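Down below is the structure, laid out as C-alpha cells.
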Amino acid sequence: MSTQTQAAAVANDLYLAWQVLRTEQPRLRARDAAERLAVSEAELIASRLGVDTQRLQPDWSALLPALGELGYVMALTRNEHCVHERKGFYREVTVTPNGQMGLVVSAEIDLRLFLGGWASVFAIEEATSKGTQRSIQVFDRQGVAVHKVFLTEDSELKAWAPLVERFRAAEQNAELDLQPLPARTVPTADGLIDVNSLRVGWSTLKDTHHFFALLKQHGATRTQALRLAGREWAEPLAPAELPKLLETAGETEVPLMVFVGNRHCIQIHSGPVRNLRWMDSWFNVLDPEFNLHLKSLSVAELWRVRKPSTDGVITSWEAFDADGELIVQLFGVRKPGIPEREDWRTLAETAAALDA
1 MSTQTQAAAV ANDLYLAWQV LRTEQPRLRA RDAAERLAVS EAELIASRLG VDTQRLQPDW
61 SALLPALGEL GYVMALTRNE HCVHERKGFY REVTVTPNGQ MGLVVSAEID LRLFLGGWAS
121 VFAIEEATSK GTQRSIQVFD RQGVAVHKVF LTEDSELKAW APLVERFRAA EQNAELDLQP
181 LPARTVPTAD GLIDVNSLRV GWSTLKDTHH FFALLKQHGA TRTQALRLAG REWAEPLAPA
241 ELPKLLETAG ETEVPLMVFV GNRHCIQIHS GPVRNLRWMD SWFNVLDPEF NLHLKSLSVA
301 ELWRVRKPST DGVITSWEAF DADGELIVQL FGVRKPGIPE REDWRTLAET AAALDA
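Residue numbers (the UniProt record's numbering): 1 to 356.
In C-alpha cells:
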C-alpha cells in the first residue's frame, strides 16, 4: 500500500469518527473535535477532502492578494486563549521576495504574516444550519490553525469558485508531513542577565519594533525582561484589570489597537470597542466588524509596559499565560510619527500596580 493510499485510509477512518462525534455534539468546533480525537486540526480538515473540502497550493505570494477578490470577508487569527475576528477587505497585501514575511495593511484587516511557518491550506464549503459556510484555512507544520478567512453574506460569492479552482492543488491527498513543535529554548537565569545593560538598551529604544531585538541581545524572555526592567518601564497589574480597561475604553470611546497572534500570524484591530459581554469566564467584544473572545482565566500575568520611541513613550497592556506566552496586547490607536493619545495614556495609567 502506498503512503498516499495509507493516508487516505486513515483520513477516511478519521472522518467517520468525526461524524459520530458530531452526531453526539453537533455544536462542537473543529478545533475541539480534533483535540477529542487526538489529532491536529489540519488532519481533521484533510479528512474532509472530496466531501466538502479541497486542498489548495500554498503559493502565498499569489494566494494572499487573490483573497481581495472575495470582497468583504471575516479574518480570524487566534492563539490558545484568545480569538480575534475582523471583518473588512483583504487589500494592500505584500509578500517579501524570499517569501518569509507578509503584510496586509488595509484599513480594516491588518496582519503581520510569518510565512516561513505556514504549511498547508484548504478551501472548505461546509453545510450549516445557517447555510453554506465558505472559508480558506491555513495551518502550520504542526497542523495548528494559523489564519482563517471566512466569506460573509456581503462577500463576492461569484469569485469563490474561480479562486478555488485557480489555486486547487493537483493532488488532493491527505498527507501532511507534520513535524513536532521545536523544543522550547531554556530561559536564561535572571542572574546571568546583564540587567544594567538591559535597562540602558530599553531606555534608548527608538522604535517599539526594536524590542524583540533587545530581548534577543540579552537572551531574555518577554516576561523576564518585564520583571527586570524596573518599574519605570514595566509594572505588574492584577489580571482582573484587563476586562475593566476594555469596559472603560468602551464607555469613554477611547479607540484601541488590539493585537492577537500566534507563532505565525498577528492580527490587529484599530478602533473603538463597544458591545462588551461576559459569557461564563469568557470576556467578549461583539461589535459588528470586530469580535474578540478572551478566556479570562488563562491570563496569568498582566503588565503595563512603557517603551521609549522617537514619538515619545508608547504605553501598552500585555497579557500572558502561565507559560509566558503572549495572549493579547492593547495600545491606543496611533500612526507612526504621531505621539501617543493622551486619553489612552490616562486610561492605561489608571490601574494601580501590584506590590513588588
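Note that CB positions come from ideal geometry on N, CA and C, so glycine has one too. Fair warning: this is a prediction, and the values are worked out from it, not measured in the lab.
Measuring CA to CA, which of the options is closest to residue i?
| i | options | result |
| --- | --- | --- |
| residue 150 | 189, 74 and 168 | 74 |
| residue 189 | 228, 355, 35 and 249 | 228 |
| residue 277 | 300, 246, 239 and 220 | 246 |
| residue 351 | 235, 273 and 334 | 235 |
| residue 251 | 135, 198 and 343 | 343 |
| residue 138 | 354, 264 and 202 | 264 |
| residue 57 | 165, 160 and 12 | 165 |
| residue 332 | 304, 160 and 157 | 304 |
| residue 67 | 131, 329 and 136 | 136 |
| residue 240 | 133, 288, 141 and 300 | 300 |
| residue 210 | 318, 307 and 223 | 307 |
| residue 134 | 113, 120 and 159 | 159 |
| residue 275 | 281, 249 and 262 | 249 |
| residue 270 | 256, 283 and 281 | 256 |
| residue 368 | 34, 156 and 152 | The chain is shown only over 1 to 356; residue 368 falls outside these bounds and no answer can be derived. |
| residue 119 | 113, 97, 98 and 142 | 142 |
| residue 231 | 216, 219, 199 and 262 | 199 |
DSSP three-state call for residue i: helix, strand or coil?
| i | result |
| --- | --- |
| residue 147 | strand |
| residue 338 | coil |
| residue 200 | helix |
| residue 314 | strand |
| residue 186 | coil |
| residue 109 | coil |
| residue 284 | strand |
| residue 324 | coil |
| residue 32 | helix |
| residue 349 | coil |
| residue 319 | strand |
| residue 305 | strand |
| residue 27 | coil |
| residue 172 | coil |
| residue 12 | helix |
| residue 179 | coil |
| residue 277 | strand |
| residue 21 | helix |
Below 8 Å on the Cβ atoms is my guess for residue i versus residue j; work out the distance and round it to an integer in Å.
| i | j | result |
| --- | --- | --- |
| residue 314 | residue 208 | 5 Å |
| residue 285 | residue 273 | 5 Å |
| residue 221 | residue 147 | Wrong, their Cβ atoms sit about 25 Å apart, outside the cutoff. |
| residue 103 | residue 90 | Going by Cβ atoms, the distance from residue 103 to residue 90 rounds to 12 Å, so no, they are not a contact pair. |
| residue 49 | residue 172 | 5 Å |
| residue 40 | residue 144 | 7 Å |
| residue 297 | residue 238 | Wrong, their Cβ atoms sit about 13 Å apart, outside the cutoff. |
| residue 254 | residue 330 | The Cβ separation is near 10 Å, so there is no contact. |
| residue 100 | residue 115 | 6 Å |
| residue 214 | residue 202 | 6 Å |
| residue 205 | residue 319 | Not quite, the Cβ-Cβ distance comes to about 21 Å (not below 8 Å), so this is no contact. |
Are three or more beta carbon pairs between the stretch 290–302 and the stretch 76–88 nearer than 8 Å? yes
Does the stretch 50–65 come within contact of the stretch 109–128, defined as at least 3 CB pairs closer than 8 Å? yes
Within the chosen definition, does the stretch 175–184 reach the stretch 61–73 through at least 3 CB pairs nearer than 8 Å? no
Going along the chain, which unbroken runs of the beta strand (DSSP E) with 3 or more residues stay wholly within the stretch 192–269? 234–237 and 256–261
Counting beta carbon pairs with one atom in the stretch 36–44 and one in the stretch 215–234, are three or more of them shorter than 8 Å? no
With three or more C-beta pairs closer than 8 Å as the rule, is the stretch 103–112 touching the stretch 126–135? no
Does the pairing of the stretch 298–312 with the stretch 331–343 give three or more beta-carbon distances under 8 Å? yes
What ranges does the beta strand (DSSP E) occupy inside the UniProt domain "Haemin-degrading HemS/ChuX" (39–167), keeping only unbroken runs of at least 3 residues that lie completely in it? 53–56, 71–78, 82–89, 93–95, 101–105, 110–114, 118–128, 131–140 and 145–155
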